[in-house]
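With full-length UniProt numbering as the guide, the letters of the sequence shown map in order to residues 1 to 127.
Below: the structure, in structure tokens.
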Amino acid sequence: MSEKTLLNRRQFLERAAILGALATGAGTFLAACEPSGQSQATGSTRKGQAGTEASAVSCDDTSGLNEAQIATRTTNGYVEKTSKPDQRCDNCALYTKPEAGADCGGCTVVAGPINPGGWCRIWAPAA
Numbered sequence: 001m002s003e004k005t006l007l008n009r010r011q012f013l014e015r016a017a018i019l020g021a022l023a024t025g026a027g028t029f030l031a032a033c034e035p036s037g038q039s040q041a042t043g044s045t046r047k048g049q050a051g052t053e054a055s056a057v058s059c060d061d062t063s064g065l066n067e068a069q070i071a072t073r074t075t076n077g078y079v080e081k082t083s084k085p086d087q088r089c090d091n092c093a094l095y096t097k098p099e100a101g102a103d104c105g106g107c108t109v110v111a112g113p114i115n116p117g118g119w120c121r122i123w124a125p126a127a
């Protein structure tokens, strides 16, 4: 008689956490791989009129993202403009600087173009 191998709750949760981390990492990795060789950050635009003191950066173009990637933005509460002046994307440990000539950077967790003046729940101080 063969003995069935069942997972207990702890083993199940450990494996689910690992699979979730792998899925998130794979999504982030795939988001960085674009057929054109250019990042989402190059598609950013500046809003405002010439002669204004400071033009606002818009990094809300999610047209190249799939549903799972867009979900990383909503799940983590990403906003284009922070309400916490000391917590901005550009001083977060997870932020990646924009490529030369681009306004929007990136994030190692949140997919798509990231506004340097934005914020999300997973903000962590840069070292």
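Don't be surprised by glycine CBs; every beta carbon is placed ideally from N, CA and C.
| Check | Outcome |
| --- | --- |
| Per DSSP, which one or two residues make a beta bridge with T105? | A small correction: the amino acid at residue 105 is Gly; Thr does not occupy that position in the sequence shown. According to DSSP, which records beta bridges pairwise, G105 is partnered with I114. |
| Under three-state DSSP, which class holds T42? | The pLDDT assigned to T42 is 41, lower than 50, so where the model puts this residue is not dependable; a value taken from the coordinates is nonetheless given after this. Three-state DSSP puts T42 in a helix. |
| Within this structure, are the beta carbons of V79 and W119 separated by less than 8 Å? | yes |
| Rounded to whole angstroms, what's the CA-CA distance from N76 to L6? Just pull it up for me. | 34 Å |
| Starting from T82, trace the alpha helix (DSSP H) in both directions and tell me its first and last residue. | From DSSP, T82 is part of no alpha helix (DSSP H); its letter is neither H nor E. |
| Mind reading off the beta-carbon distance from C104 to N91? Whole number of angstroms is fine, and I expect it under 8 Å. | Actually they are not in contact, since the Cβ atoms of C104 and N91 sit about 16 Å apart, beyond 8 Å. |
| Between T52 and the rest of its own chain, which residues show a CB-CB distance below 6 Å, the 5 nearest in sequence each way excluded? | Any reading at T52 needs caution, since the residue's pLDDT is 31, under 50, leaving its predicted position unreliable; the model's value is listed next. So no residue of the chain qualifies. |
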